[in-house]
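Residue numbers (this note's numbering): -14 to 299.
Positions of the beta carbon are idealized from the N, C-alpha and C atoms, including for glycine.
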C-alpha cells in the first residue's frame, strides 16, 4: 500500500486528512510539527508527503529543504497544504513540491491531487527501474550495480562487516556468436543470468556489466565464502543444458574477485563519504578484474579470489 505522511499542526485538519486517506486505502503516518515529520521519515520512507507550510519550529518549507539535502530523501514528492494563497507563496512552494493545496480545501480536491502525485511517482519509479535494468537479461545494469555496490560498501564500512565483489566473464563467448549466431548468444546470456540469480542470496546483488561480463556483490562474505560462491557458479555454468538444434552449446565462466574487511567507521554522514566510497568501489573492481585476468591466464573455467589488502583506504 502507498504510505503517506501527513504533517499538520492543527489536530482537526490532521485527522481529517488521515481519515480521508485511510478510507481510500492509503497507509498514513501523522506528524504534528516539522521535527516529528523528519523523525518519522528517518524511520520509514513514505511515498508522498503532505506538509503544512505554517507549523511551529520547522515549517513545511524547512522540512522540504532538509529532505533535499540528502540523496536518500531528495526524490520524495511533497504536496504543501497552506492557508497562504498569494502568487509569491505558490511559486515558492512549487519550487520544492509537486503540488500545492490551499485551505480550506474540499476532500475530492485533496484526493485528486494525492492520486495524481502518487501516479506520477510510480511512473517515475518505473522509468528509473528501466534505466537501471539490462533489457536482455532483466538483471541490474552496470549503472544500477554501481549504485548498489556503493550502498553495500558504505554499509560494510559503517558497521565493520566483510564484503566481496566478483566479476564473471563467459569463456570464448565470441565463438558462440560466430558458430551459432547472435540469437543463440542471447539465449546463453539469459541462461547465465539465471545461474547468477539462482546461486545468490536475497541480500546479494548481481548484474550484467555489458557484453559477456557480469558482476556480483556479496555482503557479509569473506574470502572463503566468495570462493565457494564463485566455484558454485562455475559448476552450474558447466552443467547448463543449452542446445542449438541437436548440438549442445558448451559453456564455462572465469571469475575474479576480492573480499575485504574494513574497520568500523563512526562517521554516520553518508553524504560526506560518497566520494571516498566511489574511489574505493572502483579500486575493488580493479582488483577483481586483475584476479579475473589471473583466472583466464591459468586456463579459464575457474575462480581466483584474493583478500583486498587496502580495505581501510578512503
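- By DSSP's assignment, residue 204 forms a beta bridge with 148.
- DSSP places residue 4 in the uninterrupted alpha helix (DSSP H) bounded by -4 to 8.
- Looking at the backbone, the Cα of residue 140 and that of residue 88 are separated by about 43 Å.
- Bounds of the beta strand (DSSP E) holding residue 192 are 190 to 195.
- A Cβ-Cβ distance of about 7 Å is found for the pair residue 180 and residue 225, placing them in contact under the 8 Å criterion.
- Between residue 208 and residue 83, the beta carbon gap of about 47 Å keeps them out of contact (Cβ cut-off 8 Å).
- Contact between residue 22 and residue 1 does not hold, since their C-beta atoms are separated by about 18 Å, which reaches or exceeds 8 Å.
- Inter-segment contact for the segment 3 to 19 and the segment 122 to 136 is absent: fewer than three beta-carbon pairs are separated by less than 8 Å.
- Here the alpha carbons of residue -6 and residue 41 stand approximately 8 Å from one another.
- Separation of residue 113 and residue 192 (C-alpha to C-alpha, rounded to the nearest whole angstrom) is 16 Å.
- By the Cβ rule, the segment 23 to 35 does not count as touching the segment 111 to 126, because fewer than three pairs are nearer than 8 Å.
- Note that the segment 232 to 243 does not touch the segment 182 to 191; fewer than 3 beta-carbon pairs, one per stretch, sit closer than 8 Å.
- Per DSSP, residue 91 has no beta bridge partner at all.
- Looking only at 235, 228 and 231, the smallest Cα-Cα distance to residue 220 is reached by 235.
- Per DSSP, the unbroken alpha helix (DSSP H) holding residue 184 starts and ends at 167 to 184.
- In the three-state DSSP reduction, residue 57 falls in the coil class, being neither helix nor strand.
- The Cβ atoms of residue 48 and residue 137 lie no closer than 7 Å to each other.
- Of the candidates 164, 5 and 145, 164 places its Cα closest to the Cα of residue 230.
- Between residue 270 and residue 204, the C-beta spacing is not below 7 Å.
- For residue 22, the uninterrupted alpha helix (DSSP H) segment begins and ends at 19 to 28.
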